[in-house]
Amino acid sequence: MRRTSGRVVALLVTGMLALSACTGAPGDEPAGSGSAEDGVAAGGEAAAPVEETGSARTVTGSMAETTSDIPGDSGAGGTLTLTLRSVDVSEQTMTVRWATRWDSEDAEPDAAVSYYDMGLGTAASVIDATNLKVYRPFCTDGSWKAGGVDAVRCKASMLTSARDEVFTKFPNHGTVEGWASLPAPEGKPKSVDVIPIEGLAGFTQAEVTYLDGGS
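Residues -21 to -1, 1 to 194 in mature numbering (1 follows the signal peptide of the UniProt record, and there is no 0) are what the sequence shown spells out, letter by letter.
Right, here's the structure in full:
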């Protein structure tokens, strides 16, 4: 059974990446960052629930929500509920927050599954469909633009709540908070499309909150 609520969309990110600028301009990166050309920023792993990141807020509300069956070939079973909490922009940084809940009546109450078990990925994407730009998380090594090994290194060093797809676990009937830090979108769009987790449907026209007073 597949249940959905809110406005959701499955977006093809790969094709749009060739048309997009996935990083901020030189000098736009947060303090302590590496190369601005590669959109990198310093940061370590953070455990849920997420605390404040920069000047962004800690949010527990819900902008939109979708519940989907776990991909049939993953073997995990059950459903995954994805809640979009906020899309905040402060200076040159965009922070996306979401929550994930895995539910399976066939699994043991104390069971847990990983991104890998569910056939999902940890790299979030934010899409400005009007300007054909895709934004990916800051990273401390490698580059999204370069592709290949450089993109693998970038994904392994993302500024996000979870990078490891094997050891990051979702408890049965438990909610796990997530976040990612990305370059602020150019042109201050009022809304963007958000894919918090690779392999799941995303959210369309999510309102952007500019914490510094812009709109």
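The beta carbon of each residue, even a glycine, is placed where N, CA and C say it ideally should be.
Annotation: the continuous alpha helix (DSSP H) that includes Val131 extends over Gly127 to Ala135. In terms of CA proximity to Gly153, Ser93 leads the group Val75, Ser69 and Ser93. Taking every protein chain shown into account, the CB of Ala141 has 16 or more other CB atoms within 10 angstroms, so this residue is buried. DSSP places Asp191 in the coil class of the three-state scheme, outside both helix and strand.
In the three-state scheme derived from DSSP, where H, G and I count as helix and E and B as strand, Asp143 is classed as coil.
Between Trp77 and Leu61 a beta carbon distance of about 6 Å is seen, short of the 8 Å cut, so the two are scored as contacting.
Scanning the segment 75 to 127 for uninterrupted beta strand (DSSP E) segments of 3 residues or longer gives 91 to 93, 104 to 107 and 112 to 114, listed from N- to C-terminal end. Annotated three-state conformation of Glu186 is strand, per DSSP. In the pairwise beta carbon analysis, the segment 108 to 115 is classified as touching the segment 155 to 169: at least three pairs are separated by under 8 Å. Burial check for Lys169: the Cβ neighbour count within 10 Å stays below 16, so the residue is exposed. Per DSSP, the continuous beta strand (DSSP E) segment holding Leu161 begins and ends at Gly153 to Pro162.
When DSSP states are grouped into helix, strand and coil, Glu177 belongs to the strand group. Proximity to Thr183 across Pro50, Thr147 and Leu63 peaks at Leu63, based on C-alpha coordinates.
A direct Cα-Cα distance of roughly 15 Å separates Asp89 from Thr147.
The straight-line gap separating the alpha-carbon atoms of Glu70 and Leu138 is approximately 17 Å. Rounded to whole angstroms, the Cβ separation of Val171 and Asp107 is 5 Å, and the two are in contact under 8 Å. Taken through DSSP and simplified to helix, strand or coil, Leu138 comes out as coil.
Across the structure, Glu44 and Leu161 are spaced so that their CA atoms are roughly 21 Å apart. According to the DSSP secondary-structure assignment, Lys148 is paired through a beta bridge with Ser93.
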